[in-house]
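Input: a single structure, listed below in structure tokens.
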Amino acid sequence: MSLSDGLAKTRGGFLSRLFGRKAEEPITPEFLDELEEALLRADLSVSLVDPLMAQVRDLASTGELKTVPKALDAVREVLVAELTKQDASLRSGGKPRVILVVGVNGSGKTTTAAKLAKRLRDAGESPLLVAADTFRAAAIEQLETWASRLDIPIVSGRPDGDPAAVVFDAINAANARGNSTVIADTAGRLHTKGHLMDELGKIVRVTGRAREGAPDEVLLVLDGTAGQNAIQQARQFTKDANVTGLVITKLDGTAKGGAVFAIVHELGLPVKYLGVGEKADDLVPMDARAFVDALLPRAA
Amino acid sequence: MFEQLSDKLNVTFERLRGRPRVSEADLEEALRDVRVALLEADVNLKVVRQLIATVRERALGEKVLESITGAQQVVKIVHDALVEMLGGEAAPIERAATPPTVVLLVGLQGSGKTTTAGKLANTLRKQGRHPLLVAADVHRPAAIDQLRALGKQLGIPVTEVNASRVASDVAAAIAAAPAQARDTVIVDTAGRLHIDDEMMKEVEAVVAAAKPHEVLLVVDAMTGQDAVEAASAFKARLPISGLVLTKVDSDARGGASLSIRAATGIPVKLLGVGEKLDALEVFHPDRLAQRILGMGDVLTLVEKAQEAVDRKTAEEQTKKLLEARFTFEDFYATLQQVKRMGPIGDLMKMIPGMGAVAKQLPTGPEAEAQMKRIEAMISSMTRAERVDPTIINGSRRRRIAAGSGTTVTEVNQLIKQFAEMQKLMKQMGGLAKSGRLPRIPGMPMPR
Ligand SMILES: Nc1nc2c(ncn2[C@@H]2O[C@H](COP(=O)(O)OP(=O)(O)O)[C@@H](O)[C@H]2O)c(=O)[nH]1
Ligand SMILES: Nc1nc2c(ncn2[C@@H]2O[C@H](COP(=O)(O)OP(=O)(O)O)[C@@H](O)[C@H]2O)c(=O)[nH]1
Ligand SMILES: [Mg+2]
Ligand SMILES: [Mg+2]
């Protein structure tokens, strides 16, 4: 699925009323209120929206911004710039490349691991999946089902086994078998649970023992429907697990994932992929323009 | 999880409380803070506006602006509006007159439906019921394995459905339940987007076939502004009877629950508070409202405070606190006032500005004794030391300890706590002044 197809469903309704406007329409107080509403309803943090709107109001009052489309373009531009400051390509610092997929419960980690494996395989790589969620019931079976569907090799942990050991073994297995990338799915954990975050820190450290400099990527999977708590999640995971990039899932719904702006702004993390469905192909590289256009749609 | 919101509102109202009357400007400032706090708690924008409008209208309607106890009234108005928004009594899970009772769990992907199915079965069994779990998620890989594993852990039977006949298999499992001596059937369904018409039709068919007594919408407490949109869409197509809020063990402020309740009327019934199968709690709206505001019986305390606290002193102290000029001298004066009012544990919170720092201070049965020691230590300080604690060096600490019959460790601890409190107050002061937020560096407007 293409990004615009995946995100297309999120258009319409309130937003089309707001943005399906004539090109020369002047900026009115009502428009400014509606713009603010669109941003807040997309989960952009009030700590970003308030100053942003203050600037728009300023520029509108001095006449520097005159029409509705100009104002919208200006805001879009700010938002796109915020999202494109960082390099969003997948890093690699050795063989095999090691990618850890982390995040809170139910955000879409396992599905993202499977989708990413397929993407890389389609690009000519030979990925190895690692089922290292040894905690949640049938989490291993879930990734194994994906692996067999996609015909991608997998190394699995045992229920209640040590996840760090599974990842360590898998990296060695990848070395022996010549897999170019190891993608390890980890158990969901709330960022507030110290012991679980410690466990994750250990997984990160152990990968470095299996391959110098690993992991190359620690992808934090954020649920696109999450609100301001996503910021807390990103802070804590970055602190405990050295997050290198973000994946935002479930953007095929009506949520816009706007909480990510505060995260990118504060932590300087790149958004690497977007999840736009439950199928294997529903993972697309970050496209800042399409993401922002879904938030503030252009008149059709 | 709601603590931050309550802290924020407390800061606002403690500031207000220190003033003899609320001007219209004060009210607007307080309402601005309430707006920010609620938005940061993920309360839906429409609901925030509704709440603010209600509070403003009532505050003006009650002629609060001319009233000497205006601040207290504003606190009460916000509190009452929140309670109303959350609904009245805790709603129990329905029980069918003729068994089996059928409970269906629905919701977005990953919200916690399958886990909640296991938890609910576990809870009901503890209450003497005989649940049957039905695995009707034929879409997510290994979803049936997941519920089967939970059933095995619990020793509760699990019936699976066939992907090609989900609705009729669910109906068949329910029909077969009495013969297996099962009086309650809990049906786990696939996660689905509210805008996925095909999937919504699937679950409509399951509802039509299963005729459930409860259709519970399972919602992640971390959900943002979209919660209302999704919940409304589910409610438009299914007879949703209650909400289960999951992952409440996170630090999410949980505005989603408030939003959904206010916007759709769906009552919150259960809270998921962990990954384990016993981590399910009954939800009490009244408790939640109090927790949101961090109030407890603050309203009665406010009344008591009016009599006891010399308003002018309180006002000065609030000002000093917010500017981090609060000294041991002021602290001592505050303690004296508090002593006049009764049990310290309860009353600490009431002193303007103190609610947020109450965590730093002793509570519980030992609090009274500990307060005495603190008082003794402060009395043993010189005036210069009380005004500027940074001069209290090692030998001064030994002298204070000896003079107050305490230990140097205790003195150290007091000074450290005091410093932390000052730091906290400084942050609050900054927050208080930021009616207008600063321009964010690195986010310039293009021209
Ligand atoms: N609609 C939609 N659902 C998704 C997406 N990514 C994951 N999911 C679903 O979300 C649920 C949880 O995903 P899973 O990968 O098991 O999450 P995990 O607990 O973080 O491993 C599953 O039902 C997935 O099918 C996405 O991009 N869009
Ligand atoms: N911490 C925590 N995790 C939960 C809670 N409820 C569910 N989970 C986790 O959230 C994830 C998704 O739950 P699941 O039941 O599979 O969601 P479903 O896709 O809606 O069926 C799993 O990792 C669960 O362990 C809860 O109340 N607290
Ligand atoms: Mg998983
Ligand atoms: Mg499920």
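Taken in order, these protein sequences are the chains called A and B. Note that this note's numbering has the first sequence beginning at -14, numbered continuously upward. Note that this note's numbering has the second sequence beginning at 2, numbered continuously upward. In this text, a Cβ means the ideal position worked out from N, Cα and C, and glycines have one as well. Just so you know, these numbers come straight off a predicted model, no measurement behind them.
Item, Value
"Do A144 (chain B) and ligand 4 come close, with the Cβ less than 7 angstroms from some heavy atom?", "yes"
"According to DSSP, simplified to helix, strand and coil, what is A178 (chain B)?", "coil"
"Is it right to say L244 (chain B) is buried, meaning 16 or more other beta carbons lie within 10 angstroms of its own, or is it exposed?", "buried"
"Distance check for E203 (chain B) and G230 (chain A), CA to CA, integer angstroms please.", "36 angstroms"
"Give a yes or no on whether 8 angstroms exceeds the smallest Cβ distance from S251 (chain B) to chain A.", "yes"
"Anything in the stretch 130 to 162 of chain B with a Cβ closer than 7 angstroms to a Cβ of chain A? List those residues in chain order, please.", "P142, A143, D146, Q147, A150, L151"
"Do you know offhand how far L87 (chain B)'s Cα is from V274 (chain B)'s?", "19 angstroms"
"What separation, rounded to the nearest whole angstrom, lies between the Cα atoms of A275 (chain A) and A265 (chain A)?", "20 angstroms"
"Whose C-beta lies closer than 6 angstroms to the C-beta of G37 (chain A) among residues of the same chain, with five residues either side of it excluded?", "Before going further, note that residue 37 (chain A) is Leu rather than Gly in the sequence given. Same-chain partners within the cutoff: there are none."
"Please find out if some non-hydrogen atom of ligand 1 comes closer than 7 angstroms to the beta-carbon of N45 (chain B).", "no"
"Evaluate M271 (chain A) with the Cβ neighbour count: other Cβ atoms within 10 Å of its Cβ, from every protein chain shown; 16 or more gives buried, anything less gives exposed.", "buried"
"Using the Cβ count rule (16 or more neighbours within 10 Å means buried), how would you classify L268 (chain A)?", "buried"
"Can the beta-carbon of N123 (chain B) be found less than 8 angstroms from the beta-carbon of A264 (chain B)?", "no"
"Whole angstroms is fine: what's the gap from G288 (chain A)'s alpha carbon to L252 (chain A)'s?", "Because chain A is modelled from -14 through 285, residue 288 (chain A) falls outside the range shown and cannot be assessed."
"Which runs of the alpha helix (DSSP H), 4 residues or longer, sit entirely within the stretch 6 to 34 of chain A?", "14 to 26"
"Exposed or buried, what is S141 (chain A) when buried is set at 16 or more other beta-carbons lying within 10 Å of its beta-carbon?", "buried"
"Just to confirm the assignment: which complete alpha helix (DSSP H) runs, minimum length 4, are found wholly within the stretch 188 to 252 of chain B?", "198 to 211, 227 to 238"
"Given the structure, does T95 (chain A) come close to ligand 1, in the sense that its CB is under 7 angstroms from one of the ligand's heavy atoms?", "yes"
"So, at 6 angstroms on beta carbons, what are the nonlocal neighbours of S68 (chain B) in its own chain, with the 5 sequence-adjacent residues on each side left out?", "At S68 (chain B) the pLDDT is 46, less than 50, meaning the model places this residue with poor confidence and gives no usable figure here."
"Would you tell me roughly how many angstroms separate the C-alpha atoms of L281 (chain A) and L20 (chain A), rounded to the nearest one?", "9 angstroms"
"Is the CB of D72 (chain A) under 8 angstroms away from at least one CB in chain B?", "no"
"Would D43 (chain B) pass as a contact of G209 (chain A) if the rule is Cβ separation under 8 angstroms?", "no"
"Identify the contact partners of S141 (chain A) in chain B, using a Cβ-Cβ distance below 9 angstroms as the criterion.", "Within chain B, no residue comes near S141 (chain A); the closest Cβ sits about 12 angstroms away, beyond 9 angstroms."
"Would you say the beta carbon of G113 (chain B) comes nearer than 7 angstroms to a heavy atom of ligand 2?", "yes"
"Any chance the stretch 136 to 153 of chain A sits against the stretch 223 to 242 of chain B, with 3 or more Cβ pairs inside 8 angstroms?", "no"
"Quick check: the Cα distance between Q418 (chain B) and V412 (chain B), rounded to an integer number of angstroms?", "10 angstroms"
"Could you tell me if L61 (chain B) is buried or exposed, where buried requires 16 or more neighbouring beta carbons within 10 angstroms of its beta carbon?", "exposed"
"Decide yes or no for the touch test of the stretch 46 to 55 of chain A against the stretch 177 to 197 of chain A: beta carbon pairs closer than 8 angstroms, at least 3 of them.", "no"
"Which of the three DSSP states, helix, strand or coil, is assigned to K313 (chain B)?", "Here K313 (chain B) scores only 49 on pLDDT, less than 50, and its place in the model should not be relied on; the value that follows carries that caveat. Three-state DSSP puts K313 (chain B) in a helix."
"Cβ of A124 (chain A) versus every heavy atom of ligand 3: is any distance shorter than 7 angstroms?", "yes"
"Smallest Cα separation from D198 (chain B): which of B:S169, B:T185, B:R238?", "B:R238"
"Using a Cβ cut-off of 9 angstroms, pull out every chain A residue sitting near G108 (chain B), in sequence order please.", "In chain order: nothing, as chain A lies at least about 10 angstroms away."
"Compare the beta carbon distance of K257 (chain A) and A116 (chain A) with 8 angstroms and say whether it is the shorter of the two.", "no"
"Taking 7 angstroms as the cut-off, does the CB of R121 (chain A) come closer than this to any heavy atom belonging to ligand 3?", "yes"
"Suppose the cutoff is 8 angstroms on Cβ atoms and the five residues either side in sequence are ignored; what does the same chain contact list for E67 (chain A) look like?", "F246, V249, H250"
"Residues of chain A with CB closer than 8 angstroms to the CB of S405 (chain B), please, in chain order.", "Simply none; closest approach about 37 angstroms."
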